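If you want this note's numbering, it's the 1-based position in the sequence shown plus 33.
Encoded as C-alpha cells, the structure appears first; notes follow it.
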Amino acid sequence: VTIDLLNAAMVSAPAGTIVLIDGFPRDLANLELFETTVGMAELTLFFDLSAEVMEERLLERGKTSGRTDDNIETIKKRFATFTTQSVPVVAALKEKTTVIEIDASGGVDDIAAVVAAEIEKLK
C-alpha cells in the first residue's frame with residue numbers, strides 16, 4: 034500500500050517537483066520494491082544521532098505526546114529493528130545513490146537549515 038501511495042503521489046507531481054519521503058524504505062525488501070516501482074532516489078538524507086540522544090529525546094517527547102510507544106521498552110525494540118533492518122538500507126543506498134549524512138545532534142533550526150541547503154542544491 035505504501036509504495037502504491039508513493040508512486041501515485043510522485044507520478045502526479047508536476048515535473049521538477051522535489052518529493053521528500055520520510056522513513057521509507059525501512060528494509061531491503063522495501064528498497065527493492067521502491068527501485069522497481071518508482072526508481073532510485075536522487076538523494077538520500079540520513080540523520081545521524083547517537084542512540085543515547087535519540088532515547089533521551091523520545092523519552093522527553095513521551096512526557097507530552099500521549100504516544101504509548103514513547104517508553105523505554107518500545108524505544109529499545111525500535112532501535113534494534115532500525116539496526117537490523119534500516120541500517121542495511123542506508124548501506125545499500127550508499128552504493129547506488131548520493132547519501133548525505135546529517136548530524137542531527139543540533140537543534141531543530143540548525144538541522145532544518147542543513148536540510149534546506151541540501152535540497153536547494155537539487156534545484
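The beta carbon of each residue, even a glycine, is placed where N, CA and C say it ideally should be.
If you're wondering where the values come from, they're calculated on a predicted model, not measured in any experiment.
Span separating the alpha-carbon of F115 from that of L126: 15 Å
Candidates I133, V123 and E153: closest to L61 by CA position: It is V123.
In or out: A137 buried (at least 16 other Cβ within 10 Å) or exposed? buried
On the CB-based measure, 16 or more other CB atoms within 10 Å of its CB, does S45 come out buried or exposed? exposed
With distances taken from CA atoms, which of F79, G95, E89 and A84 is nearest V147? F79
If we require 4 or more residues per run, which alpha helix (DSSP H) segments fall completely within the segment 86 to 130? 105 to 114 and 120 to 129
I'd like to check one pair, I144 with I133: are the Cβ atoms closer than 9 Å? Judged by their CB atoms, I133 and I144 are not nearer to each other than the 9 Å cut-off.
Flag this pair as yes or no: are the beta carbons of V71 and I105 separated by less than 9 Å? no
Which residues bound the beta strand (DSSP E) around D60? Careful: D60 lies outside any beta strand (DSSP E) and carries neither H nor E.
In angstroms with no decimal places, state the Cα-to-Cα distance between A49 and A74. The question names Ala, but residue 49 is Gly in the sequence shown. The alpha-carbon atoms of G49 and A74 are separated by roughly 14 Å.
Quick one: residues in its chain with C-beta nearer than 7 Å to the C-beta of D81, no 5 flanking neighbours on either side, listed in chain order? E134, I135, D136 and A137
Can you list, in chain order, the residues of its chain whose CB lies under 7 Å from that of V86, leaving out five sequence neighbours each side? S138
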